[in-house]
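Engineer: One structure, as structure tokens, below. Some questions next.
Residue numbers (this note's numbering), protein chains in the order written: chain Z, 18 to 115; chain H, 18 to 115.
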């Protein structure tokens, strides 16, 4: 399992609309191959900054199965209009948890 | 509950020693006021980059109770020698999870 971490700066004033769009996108992820879980975090220090922590079975499930699907286009159609800049996306392995 | 997100660049070659230091630090967190959970993530794209996702009951539990304690000095003594640069630390609230 891997975690996709996406840091997203939202246009100031669009935070509530962005959060509503995330709620609408829930069914998209639930039907994706290899999708496991989704968390939306909002920065306390910079309230227009959000982070998505999305877990996938494999890196390919995110980068190929999702990114090259119509579901990705639908997802970006919902949330993209609120982005102030392109998201910074990275993937991680969990080394330890306690 | 809040999440502390710390992005840490480790001196290349020190990754295994850093991970061992994290394992040694486990008892420190377990005795901290308001500490809830700890995750160590390692970047797939940049293998010398790690992220700590640490949850605390309140922001003050991290910034005051922990940061101003001898436990923080002990923690930094264990992991600090492996840092390539000062960590970037931010706090978040979880907006949604599914």
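For each residue, glycine too, the CB sits at the ideal point set by N, CA and C.
Computed from a prediction, not measured in an experiment: that's the story for all the values here.
1. Taking a cut of 9 Å between CB atoms, which residues from the segment 67 to 81 of chain Z lie near chain H?
2. Among 113(H), 78(H), 51(H), 68(H), whose alpha-carbon lies nearest the alpha-carbon of residue 26(H)?
3. Within this structure, are the beta carbons of residue 99(H) and residue 55(H) separated by less than 8 Å?
4. With DSSP collapsed to three states, give me the class of residue 91(H).
5. Confirm, please, whether the CB-CB distance from residue 73(Z) to residue 51(Z) is below 8 Å.
6. Of all the CB atoms in chain H, is at least one closer than 8 Å to the CB of residue 25(Z)?
7. Note down the Cα distance separating residue 129(Z) from residue 82(Z), rounded to an integer number of angstroms.
8. For residue 99(Z), would you say it is in contact with chain H, using Cβ-to-Cβ distances shorter than 8 Å as the test?
9. Can we count residue 110(Z) as close to the ligand MG, meaning its CB is less than 7 Å from some heavy atom?
Structural biologist: A quick look at the data gives this:
1. 67, 68, 70, 76
2. Among 113(H), 78(H), 51(H), 68(H), the Cα nearest to that of residue 26(H) belongs to 68(H).
3. No. Outside cutoff.
4. In the structure shown, residue 91(H) sits in a helix (DSSP, three-state: H, G or I).
5. yes
6. No Cβ of chain H is located within less than 8 Å of the beta carbon of residue 25(Z).
7. Outside the modelled stretch of chain Z, which goes from 18 to 115, sits residue 129(Z), for which no answer is possible.
8. no
9. Questions concerning the ligand MG fall outside what the structure shown contains, since it holds no ligand whatsoever.
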